[in-house]
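Taking it in order: structure first as structure tokens, then the write-up.
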Amino acid sequence: MLPLQLLRQQMDVVLSQVETGTLKIDSILSLSDLDEASSVLYACKLIEVVPGIGKVKARHLLAKMNVSETEQTGNLTLDQRNKLVQLIATEVIAS
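Each residue of the sequence shown is one higher than the last, beginning at 35 in the numbering used here.
Shown next as structure tokens:
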């Protein structure tokens with residue numbers, strides 16, 4: 035288990051990489067079983083930093099899937115992860 039400060043720093047790095055497009059959301063979701071920083075991120079926070087999504091769409095997507103805004107990415111099932119990637123791709127293309 036990582037110290038809290040280091041974990042938060044790593045989470046910030048992951049979020050900034052998603053925000054800049056360096057790291058794709060499907061990569062994060064597949065890493066969330068292996069990487070502690072990726073697994074403890076709130077799904078809502080991760081989705082809202084994706085370019086073209088934002089806070090409102092992120093919450094709407096999670097509500098569509100009946101997933102709590104405070105659900106951590108490591109707790110999502112494989113089906114939820116796949117569905118989330120599809121919904122995000124659809125939203126990004128539509129915007």
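Cβ atoms here follow ideal geometry from the backbone N, Cα and C, with glycine treated the same way.
For residue i, which residues in the same chain have their Cβ closer than 6 Å to its Cβ, ignoring the five residues on either side in sequence?
{"i": "G108", "result": "S66 and S73"}
{"i": "E105", "result": "A77"}
Looking at residue j and residue i, is the spacing between their C-beta atoms short of 7 Å?
{"i": "M45", "j": "A77", "result": "no"}
{"i": "M99", "j": "K117", "result": "yes"}
{"i": "I81", "j": "A92", "result": "yes"}
{"i": "V119", "j": "D69", "result": "no"}
{"i": "R115", "j": "L63", "result": "yes"}
{"i": "L121", "j": "L95", "result": "yes"}
Under 7 Å Cβ to Cβ from residue i, same chain only, skipping five residues before and after it: list those, please.
{"i": "V83", "result": "L49, V52 and E53"}
{"i": "S129", "result": "G86"}
Under three-state DSSP, which class holds residue i?
{"i": "L36", "result": "coil"}
Should residue i be flagged as near chain B, meaning a C-beta pair shorter than 7 Å?
{"i": "D60", "result": "The chain labelled as chain B is not found in the depicted structure, where only one protein chain is given."}
Spatial neighbours of residue i within its chain, please: CB distance less than 8 Å, with the 5 preceding and 5 following residues excluded, ordered by chain position.
{"i": "M35", "result": "E70"}
Runs of alpha helix (DSSP H) lying entirely within the stretch 99 to 129, each at least 4 residues, in chain order: Counting only runs that start and end inside the stretch 99 to 129, the alpha helix (DSSP H) elements of at least 4 residues fall at 112 to 128.
Minimum length 3: unbroken beta strand (DSSP E) runs contained in the stretch 45 to 102: At a cut-off of 3 residues, not a single continuous stretch assigned as beta strand (DSSP E) sits fully inside the stretch 45 to 102.
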